[in-house]
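Following: one structure in structure tokens, then a few remarks.
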Amino acid sequence: MVAAHLQSGVAWASVPRSWIRRVAWLSLALAVVAGPVSAKEALTRDARIKLIRGLAHEVAVAKVVLPRGKYGIRVNAQGEIDQAHAQEQLRLNGPAIRAGMPVQITRLEFKSDRIIFELNGGGKKGKKWYQRIQVGMGTTTRPVVPDAPVLAYGSSISLALARNAPELTPEQAKRALGAALDFDRRSPTVLYSPAVPPEIKEAIKKHQVIVGMDRDAVLSAKGPPDRKVREVREGVEQEDWIYGLPPHVLFVTFDGDTVVAVRQY
């Protein structure tokens, strides 16, 4: 009926209002369906689940210095680091993670045009409500709960998503992050240190653990353990780092900071 009115040149004023409303709603629906799809919508629920499963808790080695703070560094869809932004964040907040240090992806956050990978707990250091309470008289006050010292800092990487790109897989995400992170753990700090014996460097390259390594070397070779157990043996407290599940389990025993035994089952 509307088409007939338009073809005959009849003014819109002669078209029933109910039809005008229907046409308006139809136009709106078509605009929503045919409109641009955001990057978040392009990543389906299954794709996001695969990224979380494939990358959450994944261990890598930092190739570049990563800044403190909630902004971290930016990587575009071609895998290139925004150097100007990175240098600005380092100038403002200082370094959190040095090049060559092991890092772990502790959280993934999906935005409309990017994915934010939180590293080592991220850079946000918010306070609890009770940490903001202060007591005192006049201008002399002190917090009820003093701030605990920060022993380690985390950072983050913001990875831009290409428009109209295929769904991002964990392997594609690793390649895109390759300018900042080494997921093969080929370049931990200990490999550059002249104080580290050659046999330990070679073991790290092969992702093996040998007697004489320290904790940093074991982390560089194998990543964080699945479990830790402390025991007192012959009057000496030792700690076992346990990797894997039965029947294939690796036990790494530390006396202080040094590996004294390695048992593979």
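Heads up, the sequence shown is in our numbering, so the first residue is 199 and it goes up one at a time.
Beta carbons: idealized from backbone N, C-alpha and C, even for Gly.
Can you have a look at residue i and say buried or exposed, based on whether 16 or more other CB atoms are within 10 angstroms of its CB?
i, result
"tyrosine 351", "buried"
"alanine 282", "exposed"
"isoleucine 247", "exposed"
"arginine 312", "buried"
"glutamate 316", "buried"
"proline 395", "exposed"
"proline 300", "buried"
"leucine 290", "exposed"
"valine 230", "Residue confidence for valine 230 is low, a pLDDT of 36 falling below 50, so the modelled location carries little weight and cannot support an answer."
"aspartate 380", "buried"
"valine 501", "As shown, the chain starts at 199 and ends at 463. That puts residue 501 outside it, with no answer to give."
What's the gap between the Cα of residue i and the Cα of residue j?
i, j, result
"alanine 415", "alanine 358", "33 Å"
"tyrosine 269", "arginine 413", "29 Å"
"phenylalanine 449", "valine 257", "19 Å"
"glycine 267", "proline 293", "9 Å"
"alanine 254", "aspartate 424", "14 Å"
"glycine 252", "leucine 288", "29 Å"
"valine 259", "glycine 376", "10 Å"
"glutamate 435", "glutamine 462", "21 Å"
"serine 310", "valine 273", "15 Å"
"leucine 476", "glycine 433", "Only positions 199 to 463 of the chain appear in this structure, which leaves residue 476 out of reach."
"arginine 431", "isoleucine 398", "26 Å"
"proline 368", "proline 392", "35 Å"
"tyrosine 441", "glutamate 286", "39 Å"
"arginine 243", "glycine 454", "45 Å"
"glycine 319", "glycine 298", "18 Å"
"valine 427", "glutamine 302", "21 Å"
"proline 445", "isoleucine 279", "43 Å"
"serine 353", "tryptophan 439", "26 Å"
"alanine 275", "aspartate 382", "21 Å"
"leucine 249", "phenylalanine 308", "10 Å"
"threonine 304", "valine 263", "18 Å"
Assuming residue i is part of the alpha helix (DSSP H), what are its boundary residues?
i, result
"valine 447", "Careful: valine 447 lies outside any alpha helix (DSSP H), inside the beta strand (DSSP E) at 446-453."
"glutamine 370", "368-374"
"glutamate 365", "That residue, glutamate 365, is in no alpha helix (DSSP H); it is neither H nor E in DSSP."
"glycine 252", "243-253"
"glutamine 281", "281-291"
"proline 396", "396-403"
"arginine 413", "413-420"
Hey, residue i and residue j are a contact pair by Cβ (cut 8 Å); roughly how many whole angstroms apart?
i, j, result
"proline 265", "alanine 245", "29 Å between Cβ atoms; not a contact."
"alanine 378", "lysine 261", "6 Å"
"phenylalanine 452", "glutamate 437", "5 Å"
"glutamate 365", "leucine 241", "6 Å"
"glycine 277", "arginine 361", "Going by Cβ atoms, the distance from glycine 277 to arginine 361 rounds to 16 Å, so no, they are not a contact pair."
"isoleucine 355", "isoleucine 295", "Not confirmed; about 11 Å, so no contact."
"valine 457", "methionine 411", "5 Å"
"valine 407", "valine 460", "5 Å"
Over the uninterrupted beta strand (DSSP E) stretch that includes residue i, give me the two end residues.
i, result
"serine 353", "353-358"
"alanine 378", "Unbroken run through alanine 378: none, as it is neither H nor E."
"aspartate 438", "434-443"
"alanine 459", "456-462"
"alanine 474", "Given a span of 199 to 463 for the chain in the structure shown, any question on residue 474 remains unanswerable."
"lysine 426", "425-431"
"arginine 272", "271-273"
"valine 257", "257-260"
"glutamate 316", "312-317"
### Task
Give a yes or no on contact between the segment 412-425 and the segment 393-403, applying the rule of three or more CB pairs nearer than 8 Å.
Touching, yes.
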